[in-house]
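Peer 1: Sequential numbering from 1 applies to the sequence shown in my numbering.
One structure is given below, represented as structure tokens, and several questions about it will come after.
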Amino acid sequence: MKLFAVALAIAATVVSPVAAHYRWTSLIVNGTTTTAYQYVRPYTSYNSPVTDVTSSAFTCNQGATAAPGIAWTKAGSQIGFALDQAIYHAGVLNVYMAKVPAGQTAATWNGSGSVWFKTGQISAVTNGGSSITFPTDNLSKYTFTVPSKLPDGDYLVRIEHIALHSASSFQGAQFYISCGQIHVFGGGSTLPSSYVAIPGVYNGHEPGIQINIYYPIPPTYTQPGPAVWS
Ligand SMILES: *[C@@H]1O[C@H](CO)[C@@H](O)[C@H](O)[C@H]1NC(C)=O
Ligand SMILES: *[C@@H]1O[C@H](CO)[C@@H](O)[C@H](O)[C@H]1NC(C)=O
Ligand SMILES: *[C@@H]1O[C@H](CO)[C@@H](O)[C@H](O)[C@H]1NC(C)=O
Ligand SMILES: [Cu+2]
């Protein structure tokens, strides 16, 4: 009995880090988690993270190709992403959106250019150096509100979880990225006044990306990227 429990514990320790990489596989629309990769672009690197924030893989992940569907989403409603398994690396997350230009659709466009604005984030919680905690721990989905004033049309929605467990050296942070394809309806007529390019938004040396989260305990944490547009 005791031996069996020890064996199980050892097996769990050995197996879980390999098996547990997490992927944002599904869009959540109208309160429903949709089929994996119905509206989320599939990519070719299985569950490996992106570590080069300047690579073309940083937009929608390695080798991303069109998903079959474009999810109709009412402006002002909740939308989100679900994971194939819960987040197990300490880290933070951001969501960006970009309006698809005329002549393209959410299924054809590659998201290039200075076109992205931030619509959601979860940061780390610090208190001056005695502890740092990560509210994305164990998360299995994330939802946010599609801004109600956005003009109708196709958009790409991009989520990234930035795992920081080995981020003290350059390119040590791991980005778990997916892009969803949506069409916003019932919206307004206002777009943000400033945008970032992805890749381009980070250089990898930001204080919230190249960071030792263990020692000394960071007294503050600076969320990477622009402020959430509201
Ligand atoms: C969400 O609900 C709206 C009705 O409000 C519907 O038109 C739309 O197709 C639904 N989206 C999805 C992805 O099911
Ligand atoms: C994205 O598409 C544009 C044309 O719409 C093209 O000029 C550009 O090279 C593409 N970028 C990438 C990274 O594929
Ligand atoms: C996450 O799950 C692990 C394993 O079940 C647990 O040890 C840890 O306390 C959980 N963290 C949070 C923030 O709930
Ligand atoms: Cu990992």
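Backbone N, C-alpha and C define an ideal beta-carbon position, used for all residues, glycine too.
Predicted, not measured: the structure shown is a model, and the values here were computed from it.
Which residues end up in the neighbourhood of ligand 2 when you take C-beta atoms closer than 6 Å to any of its heavy atoms?
Peer 2: Cβ-based neighbours of ligand 2 within the cut-off: S56, N110 and S112.
Peer 1: Note down, one range per segment and in chain order, each beta strand (DSSP E) of at least 3 residues found wholly within the segment 70 to 102.
Peer 2: List check, beta strand (DSSP E) in window: 71 to 74, 78 to 83 and 91 to 99.
Peer 1: If you draw a straight line from the alpha carbon of S112 to that of Q181, how long is it in whole angstroms?
Peer 2: Approximately 15 Å, taken between the alpha carbons.
Peer 1: Please report the distance separating the alpha-carbon of L93 from that of I162.
Peer 2: Rounded to whole angstroms, L93 to I162 spans 6 Å at the Cα level.
Peer 1: Return the chain-ordered list of same chain residues with a C-beta closer than 8 Å to the C-beta of P42, the five sequence neighbours on each side being excluded.
Peer 2: If we look at P42 and ignore the five residues flanking it on each side, its Cβ neighbours are A64, T65 and A67.
Peer 1: Take E206 and list the residues in its own chain whose beta-carbon comes closer than 8 Å to its own, dropping the five residues that flank it on each side.
Peer 2: Excluding positions up to five away in sequence, the list reads T222 and P224.
Peer 1: Could you give the first and the last residue of the continuous beta strand (DSSP E) run that contains T25?
Peer 2: From DSSP, the beta strand (DSSP E) with T25 extends over W24 to V29.
Peer 1: Between K141 and ligand 1, is there a pair consisting of the residue's CB and a ligand heavy atom that are separated by less than 7 Å?
Peer 2: For ligand 1, not one heavy atom lies less than 7 Å from the Cβ of K141.
Peer 1: Have a look at N212 and S166 and give me their C-alpha separation to the nearest angstrom.
Peer 2: Going by the C-alpha atoms only, they are around 7 Å apart.
Peer 1: In chain order, what residues have a CB nearer than 6 Å to some heavy atom of ligand 1?
Peer 2: Chain-ordered list of matching residues: V29, N30, A71, W72 and K74.
Peer 1: So for F175, helix, strand or coil by DSSP?
Peer 2: In the structure shown, F175 sits in a strand (DSSP, three-state: E or B).
Peer 1: Excluding sequence positions up to five away, which residues of its chain have a Cβ less than 7 Å from the Cβ of P218?
Peer 2: Same-chain partners within the cutoff: T126, I132 and I211.
Peer 1: Considering just the uninterrupted stretch of the alpha helix (DSSP H) at A57, what are its terminal residues?
Peer 2: Counting along the chain, the alpha helix (DSSP H) containing A57 begins and ends at A57 to C60.
Peer 1: What's the C-alpha gap between T145 and I79?
Peer 2: Each residue's Cα considered, the two are about 6 Å apart.
Peer 1: Given 8 Å as the limit, is there contact between the segment 183 to 197 and the segment 114 to 123, that is, 3 or more CB pairs closer than that?
Peer 2: Contact between the segment 183 to 197 and the segment 114 to 123 is present, because at least three Cβ pairs lie under 8 Å.
Peer 1: Could you give the DSSP three-state label for Y155: helix, strand or coil?
Peer 2: Three-state result, Y155: strand.
Peer 1: What first and last residue would you give for the beta strand (DSSP E) that runs through T119?
Peer 2: It spans S114 to I122 - the beta strand (DSSP E) in which T119 sits, taken as one unbroken run.
Peer 1: Is D137 near ligand 3, with its Cβ less than 7 Å from a heavy atom?
Peer 2: D137: yes, Cβ under 7 Å from ligand 3.
Peer 1: Does the beta-carbon of Q62, which I'm using as the reference point, lie nearer than 7 Å to any heavy atom of ligand 4?
Peer 2: Because no heavy atom of ligand 4 lies under 7 Å away, the Cβ of Q62 does not count as near it: no.
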